[in-house]
Amino acid sequence: FDIWQRHKDEIPGPRQVIDNYGRMNELAGPYAGLKVAEARTRVVADLEKKGLLAKTDPHYKHNVQLCYKCGTVIEPLIMPQWYVAMTKPLPDGRPSLRDMAVKAIESKTIAVVPEWQEKIFMHWMKNLRDWPISRQIWWGIPIPAKYCACGEVIVDVEDGIRECPRCKSGELKRDPDTFDTWFSSGQWPYATLQAAGGRDFETFFPTDVIETGYDILFFWVARMIMFSYYRTGKEPFRTVLIQGLVRDKDRKKMSKSKGNVVDPLGVIDTYGTDALRFALVFGSAPGTDIPLSEDKVRGMKHFANKLWNIARFILANTEQRHFALQEPPEPKTDEDRAVLAKLAETKEQVTEHLDHFELHEAAQAAYHFAWHELADVYIEKSKSRLATEHGERTREVLAYALRATLKLLHPFMPFVTEAVYQKLPEKNAPFLMVERW
């Protein structure tokens, strides 16, 4: 069809030889009534019988569309569709839907993280064609259109029109198609808030950050941007955080047939929610695929256990007064100075990484401090100092470091950190989530 579009002045219009039931129609001559696959076999046999078949290549491969439910080959048919004009200026004088979205990205009104995903987005947008929004499927939002035999097409959003405005006929036929799912999903940012009533729309639109996978950057994100500008004149969000897809440990697509699927519910039952959350973030840069294996989740379960052991040791050797400090205690030993300096550095690193949506770097910095600085070094050395003249200050450092570590890890491991936080004898807030960062 694309080839014909480019050469339609030279070639007569395409003729459809497949009917809506997947069989050859009357234009197919002797093959009329046959299913497509049967007709192909007959055509090849007839060509060979007439000596017109040059050769058959059994190894020739090409891509075909298959039904996602039954695997049947889909035969594209040229049928009337509803389209949204993407590159045409709007009737009210505003730029086209595409141009408004492109301007939002180019002007940094909307930031895409990571930035290299922006290039992919812009390539899609600048090569955009009109969008067919009608689908010939049963389930979906109906196209709000009706047809009259006189040729009138009536848009009836409220489904209240019962006669043709031109000829007054009451015999109106409803459009059988439904909307593309992305047509409705693309209106999510403002439609949900406006439907809720109250001040939700004024308060939360545009929102700060939306997070999604790179596989629907164009299908969903681009449509939300275009529709929001069209309907509200504003961007729907200020930052788009793009994540990769979860793959197996060898970065291959998970598939039941391959047997490499990691079932998240089963993993949670075995290793806990926090272990899975941390495994998904740890070592996974935004916009890149996430290799996941049960071994990785198991390793994060060990880290969660380590955090419990850190807390158990500190709580067993401290009292309520040691948790009263809001600022870092004055160090008395080289070990105090080293761990407090490393903690301050880690706080800065985690904060900066989170501000720049580098979640994997933030997780790694918090992990390294908790395990290798606090547990492996300071706690081990503190065991011999608790009964000395430095014991009181050591306890204050331990208490301060525990509270700070829980805060650093809370975005990634909310359940175990909250459980430990509730055991602290002195808390600054009812929940760790609202503790001062």
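Okay, so the sequence shown: first residue is 972 according to the working numbering, each after it adds one.
Backbone N, C-alpha and C fix where the C-beta goes; we use that ideal spot for every residue, glycine too.
Option in the options with minimal Cα separation from residue i
i: A1282; options: T1388, T1322, H1343; result: T1388
i: K1224; options: P1207, L1251, I1261; result: I1261
i: Q1437; options: F1092, L1379, Q1297; result: The chain is shown only over 972 to 1408; residue 1437 falls outside these bounds and no answer can be derived.
i: L1212; options: A1082, S1226, C1135, F1150; result: A1082
i: I1108; options: D1063, T1152, D990, E1123; result: T1152
i: A1075; options: K1205, D980, G1131, I1091; result: K1205
i: G1157; options: L1188, V988, K1021, A1167; result: L1188
i: E1360; options: T1304, V1310, Y1185, T1376; result: T1304
i: K1229; options: L1236, R1218, G1237, P1235; result: R1218
i: I1181; options: Y1200, V1084, C1135; result: V1084
i: N1276; options: Y1338, Y1039, E1329; result: Y1338
i: Q1052; options: D1148, V1035, G1000; result: D1148
i: R1202; options: P1047, Q1165, T1058, G1042; result: Q1165
i: F1253; options: L1311, E1290, Q1214, N1231; result: Q1214
i: K1354; options: L1251, W1095, I1285; result: I1285
i: E1298; options: R1374, K1117, P1396; result: R1374
Bridge-paired residues (DSSP) for residue i
i: W1102; result: V1055
i: L1037; result: V1044
i: Y1118; result: V1124, K1144
i: V1083; result: V1211
i: T1183; result: I1213
i: P1113; result: T1149
i: R994; result: K1006
i: T1178; result: F1208
i: I989; result: M995
Within 7 Å, strictly: CB atoms of residue i and residue j
i: I1112; j: S1140; result: no
i: P1300; j: V1368; result: yes
i: F1294; j: A1372; result: no
i: P1115; j: V1128; result: yes
i: F1150; j: T1178; result: no
i: F1340; j: D1245; result: no
i: I1045; j: Q987; result: no
i: V1232; j: L1263; result: no
i: L1236; j: G1184; result: no
Neighbourhood of residue i by C-beta distance below 6 Å, restricted to the same chain and skipping five residues each side
i: M1197; result: L1068, A1072
i: Q1320; result: A1336
i: A1390; result: none
i: Y1054; result: D1101, P1103
Contacting residues, own chain, Cβ-Cβ under 7 Å from residue i (five flanking each side not counted)
i: I1239; result: L1247
i: R1407; result: N1399
i: K1352; result: E1306
i: L1099; result: M1057, T1058, R1069
Distance between beta carbons of residue j and residue i, contact taken as under 8 Å
i: D1307; j: R1364; result: 7 Å
i: K1267; j: Y1242; result: Not really, about 10 Å apart at Cβ, beyond 8 Å.
i: K1383; j: F1274; result: A small correction: the amino acid at residue 1383 is Phe; Lys does not occupy that position in the sequence shown. Contact doesn't hold; Cβ gap of about 10 Å is too wide.
Cβ-based neighbour list, residue i, same chain, cut-off 8 Å, excluding 5 preceding and 5 following
i: L1357; result: N1288, T1365, R1366
i: F1175; result: L1164
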